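Asks: My structure is below; once you've seen it, I'll send some questions.
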Amino acid sequence: MGARLLVLGYLIVLYFPIYWMVTMAFKRRVDITIIPPRFIFKPILRNFEWLFVHQDIWGPITRGFMVSVASVAIAIVLGTMAAYALARFRWWRQNDLEYWIVSTRMLPPVAVIIPYYYLWMKFRMLDTLTGLGITYLTINLPLVIWLLIGFFRSIPREMDDAARVDGCSPLQAFWYIALPMARGAVGAAAILAFIFTWNDFFFAFILTTVNFTLPVALSSFMTVGLEVKYGEMAAAGLLAAIPSLVLAILARKWIVTGFRGMAGIAATR
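The numbers in the sequence shown follow UniProt numbering, run straight up by one, and end at 269.
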């Protein structure tokens, strides 16, 4: 009984902020600020109307989607091939190389933002979707590689040898044998990379001023004039959360499988 109450308390703490954001998105300002809180209210769509009519919300949504899809797609293409090469072939100081790859993903964003800013300023790519997309690509690529190495190592090497006997080149063995078997892991890596890119605020806030994405646009609603747009900010937050929530729910099995792959590679050390 005690364990169930503990789990129930944990779930309440975990999901109550989401519930509160959803309800705020459909509340009038007076219903949001009233004390004690009003749990029964008449829902409205005025907050969403304000976003789409009085604010250019489609611009940040479109830019965020374009940058997320493009950077993740390139990261998946490059990452799957790199992970397969690291899993199937021996390299000089391979262990150090693999740990270096994953260590680049562990760096705090504040440690690399100044080099990124200086680089894009020199190349005149500051405040561009190209510069922002390349930034996300370099961040997502180590994650994709690290997730997929374990899966490719879990595939018996004898299957590659059999493909070679049948006349397949290493690239054909990768395309026709290894990649179809690892499609679940590839999907999990793509989803995790997309969620990070779509939800990122820090890099988009520093590297853009006009071509910003949805999380940056959401922060601008905190102060509009002399008031805080609580309802409008909650509506924008709900719009920003929908893609990540839908992907996480639909592909939860792939995500679990992806983390199992990471555990598998750790167990081989």
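Here a beta-carbon is modelled for each residue, glycine too, at the ideal position from N, C-alpha and C.
Remember, it's a predicted structure, so these values are computed and weren't measured experimentally.
Could you check the C-alpha separation between Gly131 and Ala204 for me, to the nearest Å?
Replies: Distance between the alpha carbons of Gly131 and Ala204: 10 angstroms.
Asks: Going by beta-carbon coordinates alone, are Ala73 and Ala234 separated by less than 7 angstroms?
Replies: For Ala73 and Ala234, no; Cβs fall outside 7 angstroms.
Asks: Residues in the same chain with beta-carbon distance under 8 angstroms from Tyr176, minus the five sequence neighbours each way, listed in chain order, please.
Replies: The answer, listed in chain order, is Ala163, Cys168.
Asks: Under 8 angstroms: do the segment 149-162 and the segment 116-126 share three or more Cβ pairs, one atom per stretch?
Replies: As far as the Cβ criterion goes, the segment 149-162 does not touch the segment 116-126, which means the pair count is below three.
Asks: Would you list the residues sitting across from Glu49 in a DSSP beta bridge?
Replies: Per DSSP, none; premise fails for Glu49.
Asks: Looking only at its own chain, which residues have a Cβ that is under 7 angstroms from the Cβ of Thr128, when we skip the five neighbours before and after it?
Replies: These residues qualify, in order along the chain: Asn211.
Asks: Of the residues Leu5, Leu107, Ile76, Leu245, which one's Cα is nearest the Cα of Ile149?
Replies: Checking every option, the nearest Cα to that of Ile149 belongs to Ile76.
Asks: Can you have a look at Lys122 and say buried or exposed, based on whether 16 or more other CB atoms are within 10 angstroms of its CB?
Replies: Counting Cβ neighbours within 10 Å, Lys122 comes out exposed, since fewer than 16 surround it.
Asks: For Leu171 and Leu218, I'd like the C-alpha separation in whole angstroms.
Replies: In a straight line, the C-alpha of Leu171 is about 44 angstroms away from that of Leu218.
Asks: Would Ser103 be called buried (16 or more neighbouring beta carbons within 10 Å of its own) or exposed?
Replies: Ser103 is exposed by the Cβ-count criterion.
Asks: Along the chain, where does the alpha helix (DSSP H) containing Thr209 start, and where does it finish?
Replies: Counting along the chain, Thr209 falls outside any alpha helix (DSSP H), and DSSP gives it neither H nor E.
Asks: Between Arg28, Leu245, Phe152, which has its C-alpha nearest Arg38's C-alpha?
Replies: Ranking Arg28, Leu245, Phe152 by Cα distance to Arg38 puts Arg28 first.
Asks: For the alpha helix (DSSP H) containing Thr55, name the first residue and the last one.
Replies: Here the sequence assigns Gln to residue 55, which means Thr is not the residue at that position. From DSSP, Gln55 is part of no alpha helix (DSSP H); its letter is neither H nor E.
Asks: With Ala189 and Leu143 assumed to form a contact (beta carbons below 8 angstroms), what rounded beta-carbon distance in angstroms separates them?
Replies: Yes, they are in contact, since the Cβ atoms of Ala189 and Leu143 sit about 7 angstroms apart, within 8 angstroms.
Asks: For the segment 94-147, list the alpha helix (DSSP H) runs that are entirely contained and at least 4 residues long, ordered along the chain.
Replies: Listed in chain order, the complete alpha helix (DSSP H) runs (minimum 4 residues) inside the segment 94-147 are 94-106, 109-122.
Asks: Between the C-alpha atoms of Phe65 and Val165, what's the straight-line distance to the nearest angstrom?
Replies: Whole-angstrom Cα-Cα distance: 44 angstroms.
Asks: Using a 10 Å radius around the Cβ and a threshold of 16 neighbouring Cβ atoms, would you call Gly9 buried or exposed?
Replies: That one is exposed.
Asks: Restricting to Cα atoms, I'd like to know which of Ile249, Gly231, Phe89, Met81 is closest to Glu49.
Replies: Considering only alpha carbons, the answer is Gly231.
Asks: What residues in its chain sit with their C-beta under 7 angstroms from that of Ala179, if we drop five residues either side in the sequence?
Replies: Looking at the sequence shown, residue 179 is not Ala but Leu. Excluding positions up to five away in sequence, the list reads Thr80.
Asks: Alpha carbon to alpha carbon, what distance is there between Arg124 and Val110?
Replies: Cα to Cα, Val110 sits roughly 21 angstroms from Arg124.
Asks: Hey, could you find the ends of the alpha helix (DSSP H) Asp161 is sitting in?
Replies: Asp161 -> alpha helix (DSSP H) spans 157-165.
Asks: Mind checking which residues open and close the alpha helix (DSSP H) that includes Ala173?
Replies: Element bounds for Ala173: 170-173.
Asks: According to the neighbour-count rule (16 or more other Cβ atoms, all chains shown, within 10 Å of its Cβ), is Tyr136 buried or exposed?
Replies: Its Cβ being crowded by 16 or more others within 10 Å, Tyr136 is buried.
Asks: Hey, could you find the ends of the alpha helix (DSSP H) Trp20 is sitting in?
Replies: That run of the alpha helix (DSSP H) goes 2-25.
Asks: Considering only C-alpha positions, which residue in the set Ile249, Thr208, Val216, Met181 is nearest to Leu192?
Replies: For Leu192, the nearest C-alpha among the options comes from Ile249.
Asks: Please classify Asp200: is it buried, with 16 or more other beta-carbons within 10 angstroms of its beta-carbon, or exposed?
Replies: That one is buried.
Asks: Using the three-state DSSP reduction, which class does Lys42 fall into: helix, strand or coil?
Replies: Three-state DSSP puts Lys42 in coil, outside helix and strand.
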